[in-house]
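Here the protein sequences come in this chain order: A and B. Just so we're aligned: the first sequence equals residues 2 to 344 in our numbering. Just so we're aligned: the second sequence equals residues 98 to 469 in our numbering. Here a beta-carbon is modelled for each residue, glycine too, at the ideal position from N, C-alpha and C.
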Amino acid sequence: MVSPLVLGIETSCDETGIGLVRGHDLLADAVASSVDEHARFGGVVPEVASRAHLEAMIPAFDRALATAGVKPGQIDAVAVTAGPGLAGALLVGVAAAKAYAFALGKPLYGVNHLAAHIAVDQLEHGTLPSPAVALLVSGGHSSLLLVPDVAEEVIPLGATIDDAAGEAYDKVARVLGMPFPGGPPIDEAARDGDPAAISFPRGKYRDGTLDFSFAGLKTAVARWVEARQATGEPVHAPDVAASFQEAVADVLTRKAVQACERHDVTDLIIGGGVAANSRLRSLAAERCAAAGIKLRVPRPGLCTDNGAMVAALGAEVVSRGLAPSPLDLPADSSLPVTEVVVR
Amino acid sequence: MLVVGFDTATPVVSVALHDGERVVSEASAADGRRHGELLAPMIAKVLADAGVSRADLSAVAVGVGPGPYTGLRVGVVTARVLGAVLGIGVHGVCSLDVIAAGVPRGREFLVATDARRKEVYWARYDAAGTRVEGPLVGRADSISGAAGLPVAGRGGQLYPEAFGAVIGPAYPDARTLCALAAGPRTGSAAVPLLPAEPLYLRRPDAREPGPPKRVTPPGSPSPVRLREMRRADMAAIIALEQELFPEDAWTPEMFAAEFAQPPSRRLYLVAEQGDALIGYAGMMFTGGSQADLVTLAVTPARWGAGTGAALLLALVDEAGKRGYQEVLLEVREDNPRARRLYLRHGFDEVGIRRGYYQPSGVDAVVMRKVLR
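What follows is the structure, encoded as C-alpha cells:
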C-alpha cells in the first residue's frame, strides 16, 4: 500500500515552508525566507514576517507541487505548525492550512513545531529509535526532550530559562559588528579563532538540572568586548567568536549527554537552526562517541525551519490513524511540547 | 453563480453565500481576536446550510480592509487559497466600501473604523455613494470637515465628538460584500473590485536598531578599565584589603615582596573607574603547568557589576597566553559569593585545606580550572 501524501505548512517564524512527504520520503521542500527583510532590524520583526508569509504561501505551495510532480487533488492530508512560534506568523499558516484542507476535502492536523524538528530526522535516517533524547536549539528554542514516541509522547526535560541559544548568537554577532542572523558569521569567524582564548561563563553548568541559560554568557561577551573597547585594546573577533561558540557547544552537549545518561537512552537527536553549527556538531559527535551514544543530526537544510518537518510529523501521525484537528484549530504561540497534535 | 464572501477586517467575522440574485445563507460572529478559529468553520457551515459543496462555488469575495492586520490576513489568505485550489476568481473589496454600501444615498458621508492607537481607518463618499477620498489612516479629529458629516462604521461610535451624526452600519456585512462582488459591474455606484491584497496603509512597526546597548551598568560614571598595578596604588589597595579581609589582610611588605618578583613570574591588575581604584587581582606564574590566582578583591559598592569577573577573565586569559595548563586558587569556605564567581567561570572545587585561614580556622577550598 502506498503511504498517504502529506502536505506540511510551516510559518512559525521567518520561513514560509511547504513540504510534501510520503511515509519517510521527502518529495518536495519549498522554503521562502524573509530573513533578508529582517537583517537591518537585527532580529525577526513579527509583522514583517507575517506579511511575507501571506505573499509567499501560494508560490511556495505551487513550487513544492511542481517539484514533487503531484496535483493538489493527490494530497491526502494537510499538516500545519499550530505552535509554538510568533502568533501572527503562525496564524497565516494555520488559516492557509484550513483553507487547503477544506478546499481539498482532506483532514487537517495542527502539529507541534518542536516535535516536527525531531520527526524530520526520519526523512534522513529512518524510523526514530524509542526512546530517544532530542536537543532542539534555534533562535527561539533551547530544549531537551525525552521522546518515547514523536507522534504521541514527548516529555520536556529542560529548557532555557532566558534566551535561546540562537538569540545569544544574534546578540553576540551584533556586539562584534557581524550581520543577522548571527549563527553563520560567528561559526565562520570562529574557524580562525582560539576557543580557549577567553573563558566565558557556562550558565547552569553544574546546577544538576537539564535547563540552560544563555543571557549571562551573552552579557559576559558584551562586557568583555566593552572592557577592551574602553581601554582601546583591539578585539580579536575570531577569538571572541570561537570562545563564545565553545561555551555554547560545551553546555549544550554536556547537558544533552547527561539527559541521555539519566534516562538510560542511547540515541540523541539534535535539531533546530543552531544544529547547523559546526562546533556543536563536532563536539556532540565527540562526546556522544565517548559516552556510547548514537548521534543523529539531520542535514543543515532540514535543521532550520521548513515545511518538510511538518509534513514528516504529519505523515507519522496519519500513519498511526490518529484523529485529525478540528477546523476551529487555534494557533497557539506557546503550545506546550507535550501537545504533539492539537485537538 | 455561487459566491462565498467574508470579511475579517473588524472584530466581526461575517460570512455569506450569494447565488447572484440573493443571499442563500450567512453567519456572523463578534469575537475580536478569534478570526483564525472562527472563519473556516463558518465557511463550512454557510455552505452546509445551503446544501452546496465547495466544488459548486464560482467565486470568492473578501474584504481587504483596511483593518487590524492579523485578522485581515486570515481572510485574505483563506480567500487566496480557496481561489487557487478551486480554480475560481477571488475579488477583493475595500471593507470601508462594504460599510458604505449599507448607507442610504443622498448626501456626502464618511466611513470610519477602529485602527487602534487612537486612530481610525476612514474614507469619504459622495452623495451617490462613490468613494472620493481614502482609504486613509489617522486621528479622527484630523479629518477635514468630519464634524459636519454623518459617519458610518465603529469609528463614529468611538469618537463621536469628531464627527456629525453617527449612522449605520457599524461593521462590514458579508451579505453586502457578496452582493457587491456578484452584482452588476456597471453604473456610477459600482464598487471597485481589488486584488486580494490587504490594505495595510501603515508600514510594519519596526525601527532599525542603534549601536548595541551597553551592558556595563549605567550606575557607572565611567567605564571600568583594567591596567597593571603600580606602586602608587599601594595606599588604596591596603585600605581595600583591610576592609575586605580584616583577619588576614596583606601588609605593604607582602605587596612589596610580590613586586620584587620579575614580571615574568607575576601579573597584578587593578580595576579603575574614573580616578577610583575599585578592585585588583594578582596571579603568580612560577613555571611548570600551574598558575596561581593569589588574590582578587572588589570594593563592596561595586559588587555585582562584573568587575571581579573581568579581573578573573583577564588573568586566566594571561595564564593561557603564557602557556599554563591550569589555574589554581584557594578561597575561604565561608565566602560563597567568591566561590560562585569561580564556579561560574569554569573552576572546579578539587580539595579542602583544613583550618587554612588563621586565626579563625576557616577552611580553604582549593579550586582549579583546566585550560587548554
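At a Cβ cut of 7 Å, what residues of the stretch 55 to 83 of chain A count as close to chain B, listed as they run along the chain? For the stretch 55 to 83 of chain A, residues whose beta-carbon sits nearer than 7 Å to a beta-carbon of chain B comprise Leu55, Met58, Ile59, Pro73.
Can you give me the Cβ contacts of Ala224/B inside the same chain, cut-off strictly under 7 Å, excluding the 5 residues immediately before and after it? Scanning its chain for C-beta atoms nearer than 7 Å, with the 5 sequence neighbours on each side dropped, one finds around Ala224/B the residues Arg202, Gly203, Arg204, Glu205, in chain order.
Less than 8 Å separating the beta-carbons of Met2/A and Val121/A? No. Outside cutoff.
Alpha carbon to alpha carbon, how far is Gly217/A from Glu344/B? Give it in angstroms, no decimals. Cα to Cα, Glu344/B sits roughly 33 Å from Gly217/A.
Kindly indicate which residue of Glu427/B, Met139/B, Leu412/B has the alpha-carbon position closest to the one of Gly420/B. Considering only alpha carbons, the answer is Leu412/B.
In the structure shown, what three-state DSSP assignment does Ala262/B receive? Three-state DSSP puts Ala262/B in coil, outside helix and strand.
Assuming Leu426/B is part of the beta strand (DSSP E), what are its boundary residues? Residues 423 to 429.
Which listed residue (Val161/B, Pro138/B, Asp146/B) has its alpha carbon closest to that of Asp104/B: Of the candidates Val161/B, Pro138/B, Asp146/B, Val161/B places its Cα closest to the Cα of Asp104/B.
Could you check whether Ala158/B and His188/B sit closer than 8 Å to each other, using their CB atoms as the reference points? Going by C-beta atoms, His188/B is nearer than 8 Å to Ala158/B.
Per DSSP, His114/A forms a beta bridge with which residues? Looking at the DSSP output, His114/A bridges to nothing.
What does a CB cutoff of less than 7 Å around Asp460/B pick up in its chain, not counting 5 residues either side in sequence? Exclusion of the five residues before and after Asp460/B leaves Glu430, Ile449, Arg450, Arg451, Gly452, Tyr453 as the residues of its chain whose Cβ lies within less than 7 Å of its Cβ.
Looking at the strands, I want to know which residues DSSP matches up with Gln370/B. Answer is Val321/B, Ala373/B, bridged to Gln370/B.
Look at Arg224/A and Ala407/B and say whether their C-beta atoms are less than 8 Å apart. A contact, by the Cβ cut-off of 8 Å.
So, does the CB of Asp333/A fall closer than 8 Å to a CB anywhere in chain B? At least 8 Å separates the CB of Asp333/A from every CB of chain B.
Return the chain-ordered list of same chain residues with a C-beta closer than 7 Å to the C-beta of Ala242/A, the five sequence neighbours on each side being excluded. The answer, listed in chain order, is Leu177, Ile187, Ala190, Ala191, Gly194.
Considering only residues of the stretch 199 to 286 of chain B, which uninterrupted beta strand (DSSP E) runs meet the minimum length of 3 residues and lie entirely inside it, listed in chain order? If we require 3 residues or more, the beta strand (DSSP E) runs fully inside the stretch 199 to 286 of chain B come out as 206 to 211, 217 to 222, 228 to 235.
Measure the Cβ-Cβ separation of Val222/A and Val275/A and say whether it is below 8 Å. Between Val222/A and Val275/A, the gap from beta carbon to beta carbon reaches 8 Å or more.
So Leu408/B contacts chain A; which residues on that side make the cut at Cβ distance below 9 Å? Listed along chain A, no residue sits closer than 9 Å to Leu408/B by beta-carbon distance, the nearest being about 10 Å off.
Suppose you measure from the CA of His137/A to the CA of Ile335/B; what does that come to, to the nearest Å? Note on residue identity: the sequence assigns Leu, not His, to residue 137/A. Distance between the alpha carbons of Leu137/A and Ile335/B is about 51 Å.
Length-filtered (3 minimum) beta strand (DSSP E) runs lying within the stretch 292 to 329 of chain A: If only uninterrupted beta strand (DSSP E) runs of at least 3 residues are considered, those enclosed by the stretch 292 to 329 of chain A are 295 to 297.
Give the straight-line distance between the Cα atoms of Glu230/B and Gly186/B, rounded to the nearest whole angstrom. Their Cα atoms are separated by approximately 27 Å.
Just checking: is the beta-carbon of Arg151/B within a distance shorter than 8 Å of some beta-carbon in chain A? Judged by the 8 Å Cβ criterion, Arg151/B is in contact with chain A.
What residues match up with Ser34/A in a beta bridge as DSSP calls it? Residue pairing by DSSP places Ser34/A opposite Glu16/A in a beta bridge.
Taking 8 Å as the threshold (C-beta atoms), are Ala231/A and Arg436/B in contact? Result no, Cβ atoms of Arg436/B and Ala231/A do not sit closer than 8 Å.
So Val234/B and Leu298/B are in contact, right, with Cβ under 8 Å, and what is the actual spacing, rounded? Between Val234/B and Leu298/B the beta-carbon gap is near 5 Å, inside 8 Å, which marks them as a contact.
Identify whether Met98/B lies in helix, strand or coil by the three-state DSSP scheme. Looking at Met98/B - three-state DSSP - the assignment turns out to be coil, as it is neither helix nor strand.
Entirely enclosed alpha helix (DSSP H) segments - the stretch 326 to 411 of chain B, minimum 4 residues: Within the stretch 326 to 411 of chain B, the complete alpha helix (DSSP H) runs of at least 4 residues are 331 to 341, 349 to 356.
Measuring CA to CA, which of Met179/A, Cys261/A, Lys107/A, Asn113/A is closest to Leu91/A? By alpha-carbon distance to Leu91/A, the top candidate from Met179/A, Cys261/A, Lys107/A, Asn113/A is Asn113/A.
My assumption, with CB atoms under 8 Å, is that Thr273/B sits in contact with Thr210/B. Please give the rounded CB distance. About 15 Å; that fails the 8 Å criterion.
Are Thr175/B and Ala137/B close, meaning C-beta to C-beta below 8 Å? The answer is yes: Cβ separation under 8 Å.
Do you know offhand how far Pro235/A's Cα is from Leu296/A's? Rounded to the nearest angstrom, the two C-alpha atoms are 39 Å apart.
What residues match up with Ile449/B in a beta bridge as DSSP calls it? Answer by DSSP bridge pairing, in chain order: Val462/B.
Any beta-carbon of chain A closer than 8 Å to the one on Tyr166/B? Yes - at least one Cβ of chain A is within 8 Å of the one on Tyr166/B.
When Cβ atoms are compared, which residues of the stretch 185 to 202 of chain A fall closer than 9 Å to chain B? For the stretch 185 to 202 of chain A, residues whose beta-carbon sits nearer than 9 Å to a beta-carbon of chain B comprise Asp195, Pro196, Ala197, Ala198, Ile199, Ser200, Phe201, Pro202.
Counting only Cβ-Cβ distances shorter than 7 Å, please list the residues of the stretch 166 to 181 of chain B near chain A, keeping chain order. Cβ proximity to chain A below 7 Å picks out Tyr166, Thr167, Arg170, Val171, Val173, Val174, Thr175, Arg177, Val178, Leu179, Ala181 from the stretch 166 to 181 of chain B.
Determine the direct distance from the alpha carbon of Leu154/B to that of Leu99/B, and round the result to whole angstroms. Near 5 Å, if we compare the C-alpha coordinates of Leu154/B and Leu99/B.
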